[in-house]
Each structure stands twice: as C-alpha cells, then as structure tokens.
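Inspection log for the structure reproduced underneath, given as structure tokens.
Protein chains in written order, with the numbering used here: chain A, 376 to 692; chain B, 12 to 297.
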C-alpha cells in the first residue's frame, strides 16, 4: 500500500487576484500555523533550544548543579587526547561500516526471496518479519543465551560438525561481529520496505527486458536496482542514524561489564552516556554530542550529494 | 507434445521445490532463536545446561512463568508500560493529527518549508540534544517518572505519526472539506467532524506503532526512571538478566513473556503493521 503524495501547490493564477485574496491568504496562514503550533512549540522547546544549549555547554565546565563555567575549547582538546573517545569512535565506525552493507544486502535479499511467486508467501513473510518486532531487550537476552560460549546451543551445534565455536560476546575479536549478527536478525523493517518497493515496479519493464534477451542478473542490475534506489537511499539513511546512536543492544548485552570484553564494545554514545550520567561531566559529554552531530551531518551531506548520481526518480525521467 | 509439457511441468515443479527449500532454510535460521527461547523457558535449569543439549523439555516446567513473575514484580512492570503507552497514545493522537492537518489540508505560505524542517530533525542523533533536555527536566523536577517521555508527545514529538497521518490526509478528496466549508464549517470543525472520522484506519496504525514503541523503549526509561518500582518491561528484563544470570529458564521465560504480546498483536493486525511500515519507505520521495 502506498499513498500518492502531492506537495506542489496549485500554480498561482493571475496576479490580479492577489488583492481581494489577501485576507483569505492571511486567514489560511493563521489557521495553518495554529494547527502546526503544537509541533512548533515542541520543536523550539525540545529541539532548537537543547541543540544550541549543547553547543554552549560544550565550551563550558558543567555538572548540572552549579552554573556552567566557560572554558573555551578545553573539552575538545581533552576529547582528542582521550584514548577511550578514539576507541568508542572506532568501534562505532567499525559497526557502521559492516552493519550497513550487510543489513542492506540481507534485507534486500530476503525481500527478493519473498517477491517470488510461490505458495505460502504470507507465511514466509511473517516468519522473516517477526524477529524485528521482538522487543530489543528480549532479542539481546536470547542472543546472549544461544551464543553463550560454554552452554549455548550455537556452539553445541558447531561442535557437532567439529568446529570449535568462538567466545562470541565474551571474546574481544568476536564481540562486534556478534552484535552485527544480532542486527542482521532484525532486518524485518527494511525488508518490508524493500518488498513494497519491489512490488511497485511495473511488470512490463521486466517483460520488455526479457524480450530483449536480458538475463536475470541484467534485469536485477538495470531494472530492480535503479527502480529501488530511492527506497535504498531511505533505508540507508535510517540505518545510518541508528548506527551512529548504537546503544541499547550493547548496553544490555554487556550488563555489568560496559564496553567489555576489554574495550571492544565501547560505542560512542555509550561513552557519552557514561560521561554525562555517571560522572556528570556535562560539558565534556556535550562536546562529544556536538562532535557526533558534526560527523553525522557531514556523512548525510555526502550521502545526499552522491545520491544524485545513483538514485533514480521515475517521475524525473 | 505431451512429453514436452510433462518436462516443462516437471521443470517448474523442480524450480518451485528449490524456491521452497531456500525459503524454508532461511525460515529455520531466522525462527530458531525464538523457538529455542520458548523451549528453554520450559526446562529445568539442569536440562537447559545439559550437554549434549536436550531439545524437548521433559517435563514441561510451566511453573517457570509464575515463579519468575513473582520474583521480580513483573505485573508491575507491565502496568507501568501500559500506563506509559496509554498516555503517550493520547498525546500522539491529539497532537500529531492536528499538526498533520496543518501540513496537508490547509495551503499556506511556509508550510512545505516547515514540513521539511520537521522531517529533517529525524536525521539528527537523539544524543545531540539529550543533555540540555535532561538538565531542563531536572530543573522542572520531572526526572524520576515518565513525564519527560509523555509531555513531548503532546507537542508533536512523534514525527513518524505526523508523517503517516499527513500522507493519509492527503489522499482524502478536497471536495469533502469544500462541502463542509460551504455549510459554514470552520477549519477546526472540518478537522474534528469530517477528516478525523474518515481517518480511523490511519489512527489505528498510529496507535499500534506507538504501543509497540513504548513496549520496546529502553533508552527513554533508562535515562529518566531511576526507581525500580516504576520500571517498564524493558528495564525489568535487564533486571532479571542481572539478578538471575544463572537461571536461564527464568531469563528466557521473561524474554518470552515480553515478546508474546507483541507477536499476538502482530497476528491480529498484520495488515496494519505491514502497511504502516511500507508507507514510510514509499510514501514521500521528494
């Protein structure tokens, strides 16, 4: 199900009509603003104000009780000398770099599987989708249990085929890949979006291509991918936002050993959270928050810039 | 001739069997963690840890459920979560539908610009604004309970809901508004008497997603709720993991108890779920 969107206002007719229409236009503007005012107030109070306050705090020494004390760039220089800041940034980028392409491929692959004309499609779709609605904390508990190195079923099964299973969440080398696996288990959401995208591609395109002798790969590469590209962009953006704020899974799974084993799963916002709410270093954590904003803004701008080269909007061509 | 047809049907059957084999294999891999969770939740701890693994619990220890439930005041966690969900659902339904109406059914200067501003706030990391918000709520003495999570929903904080309702409002014909306007109705009357009654399916989607969001929310309560009495289900689960780490049947029973309502809800409202998600991706392309 997709809902057509019309954002374009009707073209303004003759300028002459502007005069007598002015009161009507003013009334409309007033009404429109009144209707959106709940969001507008919320935006100013819960977004605009805290956004600028974060920037201000980042230049201060602040513990939430006494008033903030201006320290210039001290927090930022401290950040770049803080090894855990670097580690947490690295871990977050590592997770993003692997999770983003893998989950995109997995979601798209599952959607392609479901888009085939087979009996019982609805049942398969349900099974593929359900892991993504399992409460995140519950998914973490399940993964900690089945991937337990000593007593978990996964290593038992690996043992049956004579593979010595790794330490998963308890191993420095495997802790991040284990979290990536957990992420891949829950790709139901983008999968459904891809499936809806696949189903909106006109069948004639494939028929014509098949008549021209295009094979399955060519049809995928030159019809499916371009037609899906807006949906891919949308999913990649959502994924990126989620990766930059990767928190819940790591926090739950690490339990008492935050960041562990070693420092292999310190994620950026976990470290920010700890600095802010355990140590009340609100100035320092605000600097981290603003730095995170700058990084994600840069990535988003680059992504949108590049999108004009690989995203195809059917209505334009 | 008949041989050719025969060969073709056989080929088709083979292809379809191959497709099913792949689909079944993937289903087994994706479904296995949930199956294992359910099986573990019904074992004795001894059986759960047995090597080689015991697949079918023997006997079925149904008492794991009442036992863990009474050990950690689970019903209280469920009540807290329901309260959190119910209040924010009211907030979201009121504010998001108003805002969505302003962004779709009235044409005014600056509307599309403000709409873009609203959608683009989704791209900003949550943590970029968290610290001053926390300080602000602390100053208003709102930390410790759900108010910091409830109040914003009355001020259009659920952008997903606003977006979804806007998309829906745009599909309603302009003529219904015009007819009411001719009868002398003002915008607010058109909103409450004409548009809202036509939007029950969209509102149902919004309510469903808000409920699932609250049921799953971990970060919000983690930041603002410090007293265990007020824990929602998500924080309750981490409490169980921390307290009964060695009792895996209990931990899995808790995971199962937290998952079951959502899965049941999904089976009753599958269409609404799928449609709601699909709208996000295919609704607005520019």
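No residue lacks a Cβ here, since even glycine has one placed at the ideal position from N, Cα and C.
Model, not experiment: these values are computed from the prediction.
Problem set entry | 6 Å CB neighbourhood of residue 285 of chain B in its chain, flanking five on each side removed | Closer than 6 Å at the Cβ level, and outside the excluded window around residue 285 of chain B, lies no residue.
For this session: Give the C-beta separation of residue 422 of chain A and residue 109 of chain B to the nearest angstrom, bearing in mind that I take them to be a contact with Cβ-Cβ under 8 Å.
Result: That pair is no contact at about 18 Å.
For this session: Say whether chain B places a C-beta atom closer than 8 Å to the C-beta of residue 406 of chain A.
Result: Residue 406 of chain A belongs to the set of residues whose beta carbon lies under 8 Å from a beta carbon in chain B.
Exercise. Would you call the CB atoms of residue 444 of chain A and residue 450 of chain A closer than 8 Å?
Worked result: With respect to the 8 Å criterion, residue 444 of chain A and residue 450 of chain A are not classified as neighbours on the basis of their beta carbons.
Problem set entry | residue 490 of chain A vs residue 574 of chain A beta-carbon contact at 8 Å | Judged by their CB atoms, residue 490 of chain A and residue 574 of chain A are nearer to each other than the 8 Å cut-off.
For this session: Mind listing the chain A neighbours of residue 114 of chain B? Cutoff is C-beta to C-beta under 9 Å, in chain order.
Result: Chain order gives the chain A residues near residue 114 of chain B as 407, 410, 411, 414, where near means a beta carbon separation below 9 Å.
For this session: Please state whether DSSP places residue 376 of chain A in a helix, a strand or coil.
Result: Confidence is the limiting factor: at residue 376 of chain A the pLDDT is only 39, short of 50, which leaves the residue's position unreliable and the question unanswerable from this model.
Exercise. Looking only at its own chain, which residues have a Cβ that is under 6 Å from the Cβ of residue 611 of chain A, when we skip the five neighbours before and after it?
Worked result: Non-local C-beta neighbours of residue 611 of chain A in its own chain, meaning closer than 6 Å and more than five positions away in sequence, are absent.
For this session: Specify the secondary structure class of residue 385 of chain A as computed by DSSP and reduced to three states.
Result: In this prediction, residue 385 of chain A has a pLDDT of 46, which is less than 50 and means its spatial position is unreliable; nothing more can be read from the coordinates.
Problem set entry | Where the segment 521-545 of chain A meets chain B: residues whose CB sits under 7 Å from a CB there | Listed in sequence order: 521, 526, 528, 531.
Exercise. Counting pairs of Cβ atoms below 8 Å between the segment 514-521 of chain A and the segment 607-621 of chain A, do you hit three or more?
Worked result: They do not touch, by the three-pair rule.
Problem set entry | residue 238 of chain B, DSSP secondary structure in three states | It is coil, neither helix nor strand.
For this session: Report the rounded CA-to-CA distance for residue 388 of chain A versus residue 487 of chain A, giving the unit in angstroms.
Result: Reliability fails at residue 388 of chain A, whose pLDDT of 46 lies under 50, so the model's placement of it is uncertain and the value that follows must be treated cautiously. Rounded to whole angstroms, the gap between the alpha carbons of residue 388 of chain A and residue 487 of chain A is 47 Å.
Exercise. If you draw a straight line from the alpha carbon of residue 384 of chain A to that of residue 118 of chain B, how long is it in whole angstroms?
Worked result: Confidence at residue 384 of chain A is low in this model, with a pLDDT of 46, below 50, so the placement of that residue is unreliable and no value is reported for it.
For this session: Starting from residue 520 of chain A, trace the alpha helix (DSSP H) both ways and give me its first and last residue.
Result: Note, residue 520 of chain A: alpha helix (DSSP H), 511-521.
For this session: Could you round the C-beta distance between residue 192 of chain B and residue 114 of chain B to whole angstroms and report it? I think they count as a contact, below 8 Å.
Result: Rounded, the Cβ-Cβ distance is 19 Å, inconsistent with contact.
For this session: Flag residue 636 of chain A as yes if its beta-carbon sits less than 8 Å from any beta-carbon of chain B, otherwise no.
Result: False, the Cβ-Cβ gap to chain B never drops below 8 Å.
Exercise. Listed from N- to C-terminal order along the chain, which residues in the segment 137-148 of chain B have their beta-carbon within a distance smaller than 9 Å of any beta-carbon of chain A?
Worked result: Result list: 137, 138, 139, 140, 141, 142, 143, 144, 145, 146, 147.
Exercise. Does the count of Cβ pairs from the segment 242-251 of chain B and the segment 57-68 of chain B closer than 8 Å reach three?
Worked result: Not touching, per the Cβ criterion.
Problem set entry | 8 Å Cβ cut-off: residues of chain A touching residue 291 of chain B | Going along chain A in sequence order, the residues near residue 291 of chain B (Cβ under 8 Å) are 568, 609.
For this session: Measuring only between beta-carbons, confirm whether residue 447 of chain A sits less than 8 Å from chain B.
Result: Not an interface residue.
For this session: Name the one or two DSSP bridge partners that residue 435 of chain A has.
Result: BP columns for residue 435 of chain A point to A:445.
Exercise. Between residue 157 of chain B and residue 95 of chain B, is the Cβ-Cβ spacing less than 8 Å?
Worked result: Closer than 8 Å, so yes.
Exercise. Is residue 432 of chain A closer than 8 Å to residue 159 of chain B when the C-beta atoms are compared?
Worked result: No. Outside cutoff.
Exercise. Closer than 8 Å, CB to CB, is residue 274 of chain B near chain A or not?
Worked result: At least one chain A Cβ lies under 8 Å of residue 274 of chain B.
For this session: Answer with buried or exposed for residue 498 of chain A, where buried requires no fewer than 16 other C-beta atoms within 10 angstroms of its C-beta.
Result: Classification for residue 498 of chain A: exposed.
Exercise. So which residues of chain B does residue 518 of chain A contact, with C-beta pairs closer than 9 Å?
Worked result: In chain order: 44.
For this session: Step through the CB atoms of chain A and report whether any lies within less than 8 Å of the CB of residue 288 of chain B.
Result: Chain A, which has a Cβ nearer than 8 Å to the Cβ of residue 288 of chain B, makes this yes.
For this session: Tell me, to the nearest whole angstrom, how far the beta carbon of residue 205 of chain B is from that of residue 174 of chain B; I am working on the premise that it is less than 8 Å.
Result: Taking a contact as a CB-CB distance under 8 Å, the pair residue 205 of chain B and residue 174 of chain B does not count as one, their CB atoms being some 21 Å apart.
Exercise. Does the Cβ of residue 116 of chain B have 16 or more other Cβ atoms within 10 Å, making it buried, or fewer, making it exposed?
Worked result: Buried, by the Cβ-count rule.
For this session: Scan the segment 426-443 of chain A for residues whose Cβ lies nearer than 7 Å to a Cβ of chain D and list them as they occur along the chain.
Result: Chain labels in this structure do not include chain D; the protein chains are A and B.
Exercise. Expressed to the nearest angstrom, what Euclidean distance is found between the alpha-carbon atoms of residue 671 of chain A and residue 495 of chain A?
Worked result: If you draw a straight line from the Cα of residue 671 of chain A to the Cα of residue 495 of chain A, it comes to about 42 Å.
Problem set entry | Inter-residue spacing [alpha-carbon to alpha-carbon] between residue 429 of chain A and residue 162 of chain B | Their Cα atoms are separated by approximately 21 Å.
Exercise. So is residue 398 of chain A in contact with chain B if we call contact Cβ pairs under 8 Å?
Worked result: No, its Cβ sits nowhere closer than 8 Å to a Cβ of chain B.
Exercise. Do residue 218 of chain B and residue 100 of chain B have their C-beta atoms closer together than 8 Å?
Worked result: Yes, the Cβ-Cβ distance between residue 218 of chain B and residue 100 of chain B is below 8 Å.
For this session: Pair every Cβ in the segment 240-248 of chain B with every Cβ in the segment 50-63 of chain B, then say whether three or more of these pairs are closer than 8 Å.
Result: These segments do not touch.
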